[in-house]
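Start counting the sequence shown at 291; every next residue gets the next number (the numbering used here).
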Amino acid sequence: MTEFNYDWAKLAFSSKRPLTNLKATFIIAPREISEKRFTQLLKEYLPKGDILLGISKEDYVEGLEGQPQFAMLQQKTLQKLIDKVNDASAHKVYTLRYFQRELPAIIEKLTPPRVVGIHGSWHHSFHTLPIYYLLSEKRIPYQLVAAFSDEDEARAYEVATDKKIVRPTLEGSFDDTTVLQLTDEVAKSSYDYGFQTGAILAEKVNGVYQPVAAGFNKVVPYQTYALLNGASRETNFSPANDMNHYDTIHAEMQILVEAAKQGISLKDKTLFVNLMPCPSCARTLSQTELSEIVYRIDHSGGYAVDLLTKVGKDIRRIVY
291 MTEFNYDWAK LAFSSKRPLT NLKATFIIAP REISEKRFTQ LLKEYLPKGD
341 ILLGISKEDY VEGLEGQPQF AMLQQKTLQK LIDKVNDASA HKVYTLRYFQ
391 RELPAIIEKL TPPRVVGIHG SWHHSFHTLP IYYLLSEKRI PYQLVAAFSD
441 EDEARAYEVA TDKKIVRPTL EGSFDDTTVL QLTDEVAKSS YDYGFQTGAI
491 LAEKVNGVYQ PVAAGFNKVV PYQTYALLNG ASRETNFSPA NDMNHYDTIH
541 AEMQILVEAA KQGISLKDKT LFVNLMPCPS CARTLSQTEL SEIVYRIDHS
591 GGYAVDLLTK VGKDIRRIVY
């Protein structure tokens, strides 16, 4: 612990006064952001007082490990800028290192006057997380803000980061469980931090499945759109199964798009998807020549199972 840098592990069982006395704006440990974006945040919040910047001890958003599009901010990225500010400004930038799971305890003990969250710095919609209810209970105002300085930066980040994403090898023949497991790997190309869905179109040959196309719930119009502008579900406080507010083309629909582009017939093919198709996708799939749908996680009270069974599709669930 230095003059401007704190570690929650050293504060957890000791006095919190060094931080509570600051009355600082608390920025929840963010995903990686640029100096340009942090400069914008400094201009907005530093005139109001000190800033306490959270720094995650994990390298990735918890629950989205190993995915470069969800890498957490490394303090060294901004350290020169922070030092420059602290040398020149009456208000200072302090840092607090902690594990992401410790966030509720930090809010409970520090009760900051205001909290700022960077889009995409957590897994699932913010308003479904314990931290949201804690902030509401303690009447702490919060603001969710962009991860990028502007659209150009957001689009450039997608181009650069897309090259780092590891995609699974789909060549070969596999049993049904293995193909379904591969949909989870395909899903990791998505920038949707609410839920990542993956789908694989496969042909059954001699009792095993040969993948012919893959898709995931891709954020549109570009993958970093919600990180810049805010996720529609969060903006509208939408429940998990709500079909009115979301930012992606569903994985099943991307499969249909890819099949059309590549001239792949759907006749007698099997669609594997890690999440049961939503009602809208199920209605579309009911009008295709797919013979079978295999899924893992239930959705929408089983609507898809009932509909697709009625139109003669084989639909089954595999749990692993």
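The C-beta atom is built at its ideal place from N, Cα and C for all residues, glycine as well.
Looking at the DSSP output, R387 sits in a beta bridge with D297, I345. Look at the segment 307 to 331 and you find these whole runs of alpha helix (DSSP H), each 4 residues long or longer: 307 to 310. Contiguous beta strand (DSSP E) elements confined to the segment 425 to 478 occur at 432 to 435, taking only those with 3 or more residues. For Y593, the enclosing alpha helix (DSSP H) covers residues 593 to 600.
Straight through space, the alpha carbons of K508 and R523 are spaced by roughly 15 angstroms. Between the C-alpha atoms of Y296 and M533 there is a straight-line separation of about 42 angstroms.
Under the three-state reduction of DSSP output, L517 falls in the helix class. For F316 and G505, the gap between their C-alpha atoms comes out near 38 angstroms.
Distance between Q513 and L434, taken at the CA atoms: about 18 angstroms. Secondary structure note for I583: its beta strand (DSSP E) is the uninterrupted segment 582 to 587. In the same chain as A516, and ignoring 5 residues on each side of it, the C-beta atoms closer than 6 angstroms to its own belong to V509, D537, in chain order. Within its own chain, the residues whose Cβ lies closer than 6 angstroms to the Cβ of L518, once the five positions on either side in sequence are excluded, are A436, F438, A444, listed in chain order. Separation of V563 and C571 (C-alpha to C-alpha, rounded to the nearest whole angstrom) is 12 angstroms.
Residue pairing by DSSP places M533 in no beta bridge whatsoever.
The beta carbon of K338 sits closer than 7 angstroms to the beta carbons of T315 from its chain, once the five residues preceding and following it are set aside; these are given in chain order. Around the beta carbon of Y610, a 10 Å sphere encloses fewer than 16 other beta carbons of the protein chains shown; the residue is thus reported as exposed. A contact is defined here as three or more CB-CB pairs under 8 angstroms, and the segment 399 to 416 fails this definition with respect to the segment 365 to 376.
The beta carbons of L460 and L472 sit closer together than 8 angstroms.
Relative to F464, the option among V495, T574, V449, P567 whose CA is nearest is V495. DSSP places Y423 within a helical segment (H, G or I) once states are collapsed to three. Annotated three-state conformation of T401 is coil, per DSSP. Across the set A477, D588, K600, the C-alpha of A477 shows the shortest separation from the C-alpha of G356. DSSP places D604 in the uninterrupted beta strand (DSSP E) bounded by 604 to 607. Here S426 is exposed: its Cβ has fewer than 16 other Cβ atoms, across all protein chains shown, within 10 Å. DSSP, read as helix, strand or coil, puts L491 in strand. The continuous beta strand (DSSP E) containing L561 extends over residues 560 to 565.
For P569, the enclosing alpha helix (DSSP H) has its first and last residue at 569 to 575.
Looking at the DSSP output, M362 sits in a beta bridge with R321.
The straight-line gap separating the alpha-carbon atoms of N376 and L342 is approximately 12 angstroms.
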